[in-house]
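Enquirer: Handing you a structure now.
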Amino acid sequence: MNLPSSFVDNMKTILGQELDDYLKSYDKPRFMGLRVNTSKISVEEFERIHPFRSLRKVPWIPNGYYYTEEDAPTRHPYYYAGLYYIQEPSAMTPACVLPVEEGDRVLDLCAAPGGKATEMGAKLRRTGLLVANDASASRTKALLKNLEVFGLPNLLVTSEMGDRLDLYFHEFFDKILIDAPCSGEGMFRKQPHMIPAWEKQGPEVFAKMQRTILSQAAALLKPGGVMLYSTCTFSQLENEGSIDTFLKEHPDFHLKDIPQYEGFRPGQPALVGSGFPLEKCVRLFPHCIDGEGHFLALLERDGVRTPNMAAPKGRAEKLPEELERFLQDVDMPMDRTRIQIRDTKAFLMPDGVERFGRLRFLRSGLYMGEVLKKRFEPSQAFAMTLKKHEYASTIDLPASDPRVIRYLRGETVEIGDSESARDKGWQLVCVDGYPLGWGKLVGGTLRNKYFSGWRMNA
Numbered sequence: 000m001n002l003p004s005s006f007v008d009n010m011k012t013i014l015g016q017e018l019d020d021y022l023k024s025y026d027k028p029r030f031m032g033l034r035v036n037t038s039k040i041s042v043e044e045f046e047r048i049h050p051f052r053s054l055r056k057v058p059w060i061p062n063g064y065y066y067t068e069e070d071a072p073t074r075h076p077y078y079y080a081g082l083y084y085i086q087e088p089s090a091m092t093p094a095c096v097l098p099v100e101e102g103d104r105v106l107d108l109c110a111a112p113g114g115k116a117t118e119m120g121a122k123l124r125r126t127g128l129l130v131a132n133d134a135s136a137s138r139t140k141a142l143l144k145n146l147e148v149f150g151l152p153n154l155l156v157t158s159e160m161g162d163r164l165d166l167y168f169h170e171f172f173d174k175i176l177i178d179a180p181c182s183g184e185g186m187f188r189k190q191p192h193m194i195p196a197w198e199k200q201g202p203e204v205f206a207k208m209q210r211t212i213l214s215q216a217a218a219l220l221k222p223g224g225v226m227l228y229s230t231c232t233f234s235q236l237e238n239e240g241s242i243d244t245f246l247k248e249h250p251d252f253h254l255k256d257i258p259q260y261e262g263f264r265p266g267q268p269a270l271v272g273s274g275f276p277l278e279k280c281v282r283l284f285p286h287c288i289d290g291e292g293h294f295l296a297l298l299e300r301d302g303v304r305t306p307n308m309a310a311p312k313g314r315a316e317k318l319p320e321e322l323e324r325f326l327q328d329v330d331m332p333m334d335r336t337r338i339q340i341r342d343t344k345a346f347l348m349p350d351g352v353e354r355f356g357r358l359r360f361l362r363s364g365l366y367m368g369e370v371l372k373k374r375f376e377p378s379q380a381f382a383m384t385l386k387k388h389e390y391a392s393t394i395d396l397p398a399s400d401p402r403v404i405r406y407l408r409g410e411t412v413e414i415g416d417s418e419s420a421r422d423k424g425w426q427l428v429c430v431d432g433y434p435l436g437w438g439k440l441v442g443g444t445l446r447n448k449y450f451s452g453w454r455m456n457a
C-alpha cells in the first residue's frame, strides 16, 4: 500500500523500532467481528446455538467474536432477530470499557451507525435512558434501525450539536461515550480509500473539532460521572494532544485506569509533552492485536454522583380501546402512565423524558404502533422489544425451517394447526424463540407484517 510519507514519519515517531512490524500488518487479512446482544441472549446460549464454523473469541471483549466471510452472519435469521451486531473487533472496545450499569442515564454523543450505542443499550437491560445522538441527520436513520433491531425501548434518538443538548441535559448523564470524528488513520489498512481524504483534511482539522466536542460533553456529565473518549486514528494531536488540552481546561476531570489485555499499549505523554498521566490511556495497533487502530481515554469528573430518581407516576392517559385490547395479550413490564398517543401513533416514553423540550428527535421512546379505525397495528420495533413469553400467541420456527427465510422476504407462509396458541389474529413470529416481527393468522395462512424496509433480499 502506498502510504503518505508524512504519515509514515509520524508513525516512526510513535512506534520507533516497531514501525516495520506495523507496516507488515498491512499484508495481514482484515479481521471481521460480531458482538452478541446480551439483552436478548447470553453468551453461553449463543455459543450453544450459533451455526458458524469459524467463530473464535475476541480476547478482550466478553461478548465479541471473530468470524470469516464463509460464515455469512448477515444472511442468517439470528442477525434479523438482533442476536448480534457486526462490528470490527477493536471498535468494540470503547463501549466495553465504559462501565454502563442498569439504571444509568447514558449518552452516545457521536452515535451513528450504532455499534457502540447498541452495546450500551444492551447493558442497560430496559432500564435507565439511552440518548443516541449524531449531528448528521442523514446518519441517524441507520442508527435508529440498529437500535430497534436490538430491541431497546428506553431511548431517544436525536440529531443535535452538543451545545444544543446542554440546554436540556446540563449535568444530566451518568456515562457519556464520545467516539469522535477523526482523521481515520487506524482504518487505512481496512479502508485504503480514506487516505486521499486524510491528505486533504488531516489531523489539525479534526483536533479542533474534537476539543470542542469534549468540552461540550463535559457540561453534560454529572459530577462523579464517567466519560470515554475514543478515536480510530493514531495521531498524537488528536489523541494524547486532545486529552492533554481537555485536562488543562477542565481541572475537575481526571483519567481513570483502563483494564489491560495482551496487545494493549499505553498512551504516550512524551508525544505531546504532557504532565498528565496519559499512560492510563490505551492505544491499539494492528501489529499488536487482531484488529485495527484505536485510542481510548477514560475520564471521571470529580464529585459525588447523585442517584437517578424515578419520575413520579402521572395520571394514566385514557388509551384508545383498540390499544387496550391489544395490550391484554402483552406481558412486558411497562408503566402505562408513560404511554403517549400522538395523532394515531402510540409511544412508550422513557422515564422523565417530558423535560427535554424541542430537540430534533428522530425517535423518542418506543414506537408501539398505530391506532387505526377499529384496530391497532403493532410496530416492528415493538416486536423486537418483546421476549417470546411476553406475548400471548407466538409462532416459533427453527432457523432451519425454509418458512423463516420466506417470512423475512415478506412472503405469506402457511402455518399448521399446532404451531400457534390460537387460530387467528396477531402472532409474534420467532426463530428458535427469538422474535422477528408480526404476522396475522387467517385460516392457516400467516399474512406477513414484517416491516418492508427491513426485508431480506432474495
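Residue numbers for the sequence shown, in numbering that gives the first Met the number 0: 0 to 457. All C-beta atoms, glycine included, are put in the ideal place defined by N, C-alpha and C. What you are looking at is a predicted structure, and each value in this text was computed from that prediction instead of being measured.
I need the straight-line Cα distance from LEU220 to ARG124, nearest angstrom please.
Expert: LEU220 and ARG124: Cα-Cα distance of roughly 21 Å.
Enquirer: Considering only DSSP beta bridges, list what ALA345 is partnered with.
Expert: For ALA345, which the question treats as bridged, DSSP gives the partners ILE340 and GLY368.
Enquirer: Here's the rule I'm using: 16 or more other beta-carbon atoms within 10 Å means buried, otherwise exposed. How should SER399 be labelled?
Expert: SER399 comes out exposed.
Enquirer: Could you name each continuous alpha helix (DSSP H) segment of 4 residues or more that falls completely within the stretch 298-327, going from the start of the chain to the end?
Expert: DSSP runs (the alpha helix (DSSP H)) wholly in the stretch 298-327: 320-326.
Enquirer: Thinking GLY114 and ALA131 are a contact (beta carbons under 8 Å), I'd like their distance in whole angstroms, please.
Expert: Going by Cβ atoms, the distance from GLY114 to ALA131 rounds to 11 Å, so no, they are not a contact pair.
Enquirer: Is it right to say GLN235 is buried, meaning 16 or more other beta carbons lie within 10 angstroms of its own, or is it exposed?
Expert: Under this definition GLN235 is a buried residue.
Enquirer: Hey, which unbroken runs of the beta strand (DSSP E) at 3 residues or more fall wholly within the stretch 378-439?
Expert: Listed in chain order, they are 393-396 and 423-430.
Enquirer: Is it a yes or a no for the stretch 27-43 touching the stretch 254-268, going by three-plus beta-carbon pairs under 8 Å?
Expert: No: the two stretches stay apart, fewer than three of their Cβ pairs being nearer than 8 Å.
Enquirer: Note down the Cα distance separating PHE284 from GLY262, rounded to an integer number of angstroms.
Expert: So the alpha carbons of these two residues sit roughly 8 Å apart.
Enquirer: According to the neighbour-count rule (16 or more other Cβ atoms, all chains shown, within 10 Å of its Cβ), is LYS372 buried or exposed?
Expert: Per the 10 Å Cβ criterion, exposed.
Enquirer: Would ARG359 and THR211 be called neighbours here (beta carbons separated by less than 8 Å)?
Expert: No. Outside cutoff.
Enquirer: Give me the Cα-Cα distance between ALA80 and PHE45, rounded to the nearest whole angstrom.
Expert: Roughly 13 Å between the two C-alpha positions.
Enquirer: Spatial neighbours of PRO265 within its chain, please: CB distance less than 6 Å, with the 5 preceding and 5 following residues excluded, ordered by chain position.
Expert: Cβ neighbours of PRO265 beyond the five flanking positions: GLU278.
Enquirer: Looking at the secondary structure, which residues open and close the alpha helix (DSSP H) in which LYS221 lies?
Expert: It is not in any alpha helix (DSSP H) - LYS221 instead sits in the beta strand (DSSP E) that spans 220-230.
Enquirer: Which same chain residues end up closer than 6 Å to MET331 when comparing Cβ atoms and leaving out the 5 residues on each side of it in sequence?
Expert: LEU385 and GLU389, listed in sequence order.
Enquirer: What first and last residue would you give for the beta strand (DSSP E) that runs through GLU64?
Expert: At residue 64 the sequence reads Tyr, which differs from the Glu that was named. Counting along the chain, the beta strand (DSSP E) containing TYR64 begins and ends at 63-66.
Enquirer: For ARG300, count neighbouring Cβ atoms within 10 angstroms of its own Cβ and tell me buried if that reaches 16, exposed if not.
Expert: Buried.
Enquirer: Are TRP59 and THR92 close, meaning C-beta to C-beta below 8 Å?
Expert: It is a contact, given that the beta carbons lie within the stated cut-off.
Enquirer: How many whole angstroms separate the CB atoms of THR230 and ASN238, which I take to be in contact at a CB cut-off of 8 Å?
Expert: THR230 to ASN238, Cβ: 6 Å. Contact.
Enquirer: For MET31, which residues does DSSP report across the bridge?
Expert: DSSP, once it has assigned bridges, lists TYR66 as partnering MET31.
Enquirer: Report the three-state DSSP secondary structure of VAL99 (helix, strand or coil).
Expert: Three-state DSSP puts VAL99 in coil, outside helix and strand.
Enquirer: Please report the distance separating the alpha-carbon of CYS95 from that of ASP328.
Expert: Roughly 36 Å separates the two Cα atoms.
Enquirer: Taking buried to mean at least 16 other C-beta atoms within 10 Å of its own C-beta, is ARG52 buried or exposed?
Expert: ARG52 comes out exposed.
Enquirer: Go ahead and label ALA136 buried or exposed: buried means 16 or more other beta carbons lie within 10 angstroms of its beta carbon, across all protein chains shown.
Expert: That one is exposed.
Enquirer: Identify every run of the alpha helix (DSSP H) within the stretch 68-156, keeping only runs that are complete inside it and at least 4 residues long; order them along the chain.
Expert: Taking only runs of at least 4 residues, the alpha helix (DSSP H) segments lying wholly in the stretch 68-156 are 76-79, 92-96, 114-123 and 139-148.
Enquirer: Restricting to Cα atoms, I'd like to know which of ARG337, LEU213, PRO191 and PRO98 is closest to CYS109.
Expert: Among ARG337, LEU213, PRO191 and PRO98, the Cα nearest to that of CYS109 is on LEU213.
Enquirer: If you count every other CB in all the chains shown that lies within 10 Å of the CB of SER41, and 16 or more means buried, which is it?
Expert: Flag for SER41 reads exposed.
Enquirer: Determine the contact status of LEU142 and ALA179, defining contact as a CB-CB distance below 8 Å.
Expert: Going by C-beta atoms, LEU142 is not nearer than 8 Å to ALA179.
Enquirer: Using the rule of at least 16 other Cβ atoms within 10 Å of the residue's Cβ for burial, across every protein chain shown, is MET0 buried or exposed?
Expert: Exposed, because fewer than 16 other Cβ atoms sit within 10 Å of the Cβ of MET0.
Enquirer: Within 8 Å, do at least three Cβ pairs link the stretch 407-427 to the stretch 441-448?
Expert: Yes, they touch.
Enquirer: For PHE521, I'd like the list of residues in its chain whose CB is within less than 8 Å of its CB, leaving aside the five on either flank, ordered along the chain.
Expert: Residue 521 lies beyond the range of the chain shown here (0 to 457); nothing can be said about it.
Enquirer: Are the Cβ atoms of PRO349 and LEU154 separated by less than 8 Å?
Expert: Yes; because the gap between Cβ atoms is below 8 Å, this pair is in contact.
Enquirer: Closest to PHE149 by CA distance: which of MET193, PHE381, GLY415 and VAL428 is it?
Expert: That would be PHE381, whose Cα lies nearest to the Cα of PHE149.
Enquirer: Could you have a look at ARG163 and say whether DSSP puts it in helix, strand or coil?
Expert: Helix at ARG163.
Enquirer: Since SER182 contacts THR232 with CB under 8 Å, what's their CB separation in whole angstroms?
Expert: Their Cβ separation, rounded to whole angstroms, is 5 Å, which keeps SER182 and THR232 in contact under 8 Å.
Enquirer: Provide the residue span of the alpha helix (DSSP H) that contains VAL281, from first to last.
Expert: Segment 281-283 is the beta strand (DSSP E) holding VAL281; no alpha helix (DSSP H) there.
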